[in-house]
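For the working numbering, count along the sequence shown from 1 and bump the result up by 2. Note that CB positions come from ideal geometry on N, CA and C, so glycine has one too. Notes to accompany the following structure.
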Amino acid sequence: MTLKDLGIGKSAVVKSVGGEGALRQHFLDMGIIPGTEITVVKYAPMGDPVELRLHGYELTLRLDDASRIEMENAHAPEKGEEPEEASREDDHPGLGEEGRFHQKGEGEKLPEGTVLSFALVGNQNSGKTTLFNQLTGAHQHVGNFPGVTVDRKDGPIRGYPNTSVTDLPGIYSMSPYSSEELVSRNFVLRDKPKAIIDIVDATNIERNLYLTMQLLETDTPVVVALNMMDEVTSNGGSVDVNAMERMLGVPVVPISAARNQGIDELVKHAVHIAEYQEKPLKQDLCAPGDEGGAVHRCLHAVIHLIEDHAQAAGLPARFAASKLIEGDQLILDQLGLDDNEKEMLEHITLQMEKERGLDRSAAIADMRFRFIRRVCARSVKKPGQSREHLRSQKADRFLTGKWTAIPLFIAIMGLVFFLTFNVIGAFLQDILASGIEALTLWADGLLESAGVNKVVHSLVIGGIFEGVGSVLSFLPIIVTMFFFISLMEDSGYIARVAFVMDKLLRRLGLSGRSIVPMLIGFGCTVPAVMATRTLPSARDRKMTILLTPFMSCTAKLPIYGFFVSVFFPGRGGLIMIGLYVLGILSGVLTALMYKKTLFKGEAVPFVMELPNYRLPRLRNVLQLLWEKSKDFLQKAFSVILIATVAVWFLKSFDFHFNFVEDSHSSILAAVSGFIAPLFRPLGLGDWRIVTSLVSGFMAKESMVSVMEILFAGGVKEVIGTLAASSLLVFSLLYTPCVAAISSIRRELGHKWALYVVLFQCLFAYAAALIVRLIGLIF
Ligand code: GDP
Ligand code: MG
């Protein structure tokens with residue numbers, strides 16, 4: 003029987019794990035190893051993927067992948083944990099380890115003035131970024147779904163000027179599975195931080211310790227930060243920290259990053275182990291007595307075999323040995339073994355597989371989990387059913403329920419847009435707009451009465467106030483939109499959307515994970531493009547990046563607002579929703595085309611953890627809103643202001659630098675008139691429209707400020723409703739702004755960035771033309 007056939011609510015024990023390569027390693031690293039009990043929680047509304055519970059956490063994977071996992075011994079789920087094998091504390095120094103690691107405090111202190119560098123390493127969503135913010139006072143983005151942090155960030159610990167902590171993307175194991183995970187592994191192995199702060203989510207301790215096991219092997223000082231202790235204790239659980247320290251051989255500090263508890267103690271320990279270079283006392287997790295000791299013998303034989311190679315390559319021997327046995331090609335290449343040694347390695351490993359009755363990767367994973375079970379049996383009192391988990395289960399009955407999930411998703415998105423455009427955002431916008439208007443009138447009167455030069459007057463009122471002011475009034479709508487997106491991120495809902503939508507996205511050749519960047523893309527394309535780094539295959543990433551520009555970003559809202567107020571008053575909501583839908587449909591169409599041409603083949607497997615729902619922290623939300631407002635204001639007063647002034651200048655003077663009353667004879671009219679004919683088929687052949695489109699490439703919002711200046715309220719005399727519709731469609735779809743393009747260039751390189759510009763422009767042109775043709779027929 004395979005996991006696919008298990009049935010909802012049933013449990014069974016893993017017999018063997020099929021598949022190959024990185025995916026199989028990933029399964030093992032996530033705890034799917036022979037002997038593990040897995041319970042099927044539910045299927046996604048469309049029947050695929052499936053949600054599982056194992057090692058006390060929720061994981062989703064696709065049925066195709068589930069069918070590769072052989073199960074046996076199906077039964078109803080057992081209540082509570084079965085008693086583990088008798089715990090035992092073994093201090094057995096392995097081959098070549100005797101006396102190599104000093105006891106606490108006896109080591110030499112690093113020379114004064116050495117910068118103590120720390121790496122924050124831990125599973126995805128274990129609270130690394132929250133801790134990083136606490137330690138450094140930074141405001142990095144925190145969210146409740148796996149894969150928020152996609153790049154490293156550094157900063158000194160507050161109060162310890164000679165330190166530097168690095169926040170890293172989350173990893174489940176030192177076998178990297180996606181591109182951002184490689185960043186973390188390389189940081190630990192190559193940058194050689196002075197110490198590692200290993201964040202362990204205490205509510206999910208077994209799986210989290212799996213990474214700890216591998217960190218211990220890296221021969222770097224480690225301190226374990228047991229995070230989320232607030233949730234553990236409030237549910238009646240506890241951890242015997244001393245027992246855990248004894249068994250792991252490294253300091254363990256219970257903390258709650260979100261509540262700022264235990265952080266000072268953690269810092270003290272971290273600084274101490276880094277200063278004295280206190281390496282883990284125990285790196286040997288295998289024991290001669292385990293299952294006949296085959297793994298133990300194999301590991302130590304391999305350590306012996308490669309020790310000098312590892313030293314030469316600057317890799318910790320024990321770490322390199324276990325990775326070699328798992329079949330890690332990167333490490334194999336780095337070590338440069340000769341053929342003889344490679345053969346020997348293979349021989350030793352085969353022997354172990356035969357004796358152990360498990361293949362190499364599974365045997366190593368099993369050894370680690372075996373040790374973890376012993377640690378947990380000894381030191382962890384598991385809470386009963388946690389409140390957070392119960393709450394999540396209740397919420398998920400609806401939010402990922404078979405019949406309710408999709409209607410609720412649509413309703414939630416609908417509500418977000420409705421509240422943003424029609425209620426909260428619009429309300430705030432009205433207030434701000436009338437404030438700006440009053441200010442403009444006041445300034446106008448002031449300049450008038452002071453008898454200021456007419457050119458300057460025109461610059462201040464017709465340029466700056468009209469232009470920047472028109473953009474500024476959109477701040478509330480944009481911030482409201484970001485507020486809702488951040489609620490979805492912080493609560494953990496966004497991970498559910500990925501689960502629910504996976505099957506649908508698979509038809510487009512993508513995986514559920516791609517929905518996360520796309521939803522973020524409704525806010526801004528730049529972070530959306532960054533977010534694609536969590537996608538485990540290059541193909542999925544590329545495709546997702548190329549599709550994000552179709553998600554209409556908030557910067558386009560002012561454009562829609564401008565045209566709606568002029569051409570479609572009272573029908574704003576309908577037009578906005580229509581545009582968003584059109585964007586999404588165009589994206590779908592393009593995806594289908596890509597699937598047939600550029601990106602043939604299947605999306606990679608979808609394996610993702612579903613975190614418990616959490617109440618968004620007010621501080622995080624406010625922080626995000628503040629950051630977004632700041633960004634927006636900065637943009638308004640830099641790019642947009644400059645564009646506005648430049649456009650004002652070019653439209654106010656002719657080639658002889660004479661101030662012109664009629665902008666038709668200005669420099670701008672002459673230059674833009676050049677490209678304008680291109681847009682004539684769309685009914686948009688006016689040079690002023692062309693100018694605003696060009697400036698929209700700098701920043702979309704500036705399209706509005708430019709139009710305000712150039713038309714001074716008279717758009718309606720220049721284009722009709724049909725042309726306005728074409729223009730709306732064109733602005734929705736044409737090239738994303740410079741900032742977005744440069745982030746695409748960072749991810750995919752010059753060629754693809756250029757491709758996006760050209761493709762989006764052509765696509766937009768075609769779509770706008772179709773709108774016009776349809777309009778002309780009816
Ligand atoms: P990362 O992915 O490891 O960087 O994790 P984040 O720092 O983004 O945090 C993931 C989630 O866990 C967020 O929703 C945090 O608010 C939450 N969180 C972090 N630390 C704690 C904690 O100590 N207690 C509780 N209850 N939640 C926490
Ligand atoms: Mg993070």
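Check, Outcome
"Closer than 7 Å to chain B by CB, F501", "The structure shown contains no chain B; it is built from a single protein chain."
"Own chain residues within Cβ distance below 8 Å of M354, not counting five before or after", "A296, V297, R299, C300, I327, R362, A365"
"F639 to V649 span [Cα, whole Å]", "15 Å"
"7 Å Cβ cutoff met for I198 and V123", "yes"
"With 16 other Cβ atoms within 10 Å as the buried cut-off, status of A770", "buried"
"Proximity test, D266 beta-carbon vs ligand 1 heavy atom, cut-off 6 Å", "no"
"Any non-hydrogen atom of ligand 1 closer than 6 Å to M230 Cβ", "yes"
"The stretch 130-141 touching the stretch 259-266, judged by at least three CB pairs closer than 8 Å", "yes"
"Beta strand (DSSP E) segment containing S166, residue limits", "162-169"
"Separation of Y179 from T527, as counted between CA atoms", "25 Å"
"Assigned secondary structure, L126 (DSSP; H/G/I helix, E/B strand, else coil)", "Here the sequence assigns Gln to residue 126, which means Leu is not the residue at that position. If DSSP states are grouped into helix, strand and coil, Q126 belongs with coil."
"S516 beta carbon near ligand 1 (any heavy atom closer than 6 Å)", "no"
"Within 7 Å, strictly: CB atoms of I577 and V566", "yes"
"Backbone CA spacing between D67 and V52 [nearest angstrom]", "10 Å"
"C-beta atoms of S674 and K653 nearer than 7 Å", "no"
"DSSP-derived helix/strand/coil call for Q762", "helix"
"contact_flag[the stretch 221-229, the stretch 268-287] where n(CB pairs < 8 Å) is 3 or more", "yes"
"Given V758 as reference, the closest of F699, G777, I721 once Cα atoms are compared", "F699"
"N342 versus S175: straight-line alpha-carbon distance, rounded", "30 Å"
"4 or more residues per run - each alpha helix (DSSP H) lying fully within the stretch 196-275", "207-219, 231-236, 243-250"
"Extent of the continuous alpha helix (DSSP H) to which E436 belongs", "First, the amino acid is wrong: residue 436 is Ser here, not Glu. Counting along the chain, the alpha helix (DSSP H) containing S436 begins and ends at 426-452."
"Touching by the beta-carbon criterion (3+ pairs, under 8 Å), the stretch 475-489 and the stretch 555-566", "yes"
"For F147, three-class secondary structure by DSSP", "coil"
"V117 classed as buried or exposed, judged by whether at least 16 other C-beta atoms fall within 10 angstroms", "exposed"
"Q395 CB to nearest heavy atom of ligand 1 below 6 Å", "no"
"Buried versus exposed, by CB contacts within 10 Å (16 or more), A440", "exposed"
"Exposure of L170, with buried meaning 16 or more beta-carbon neighbours within 10 Å", "buried"
"Whole-angstrom C-beta distance between L730 and Y562, which should lie under 8 Å", "7 Å"
"Proximity test, S128 beta-carbon vs ligand 1 heavy atom, cut-off 6 Å", "yes"
"Completely contained beta strand (DSSP E) runs for the stretch 562-609, where each covers 3 or more residues", "none"
"In DSSP terms, what R55 is bridged to", "T41, E60"
"Contacts around Q285, its chain only, beta-carbon distance under 6 Å, and the 5 residues preceding and following it disregarded", "L218, E219, R320"
"With 16 other Cβ atoms within 10 Å as the buried cut-off, status of A14", "buried"
"DSSP three-state assignment for H141, whether helix, strand or coil", "coil"
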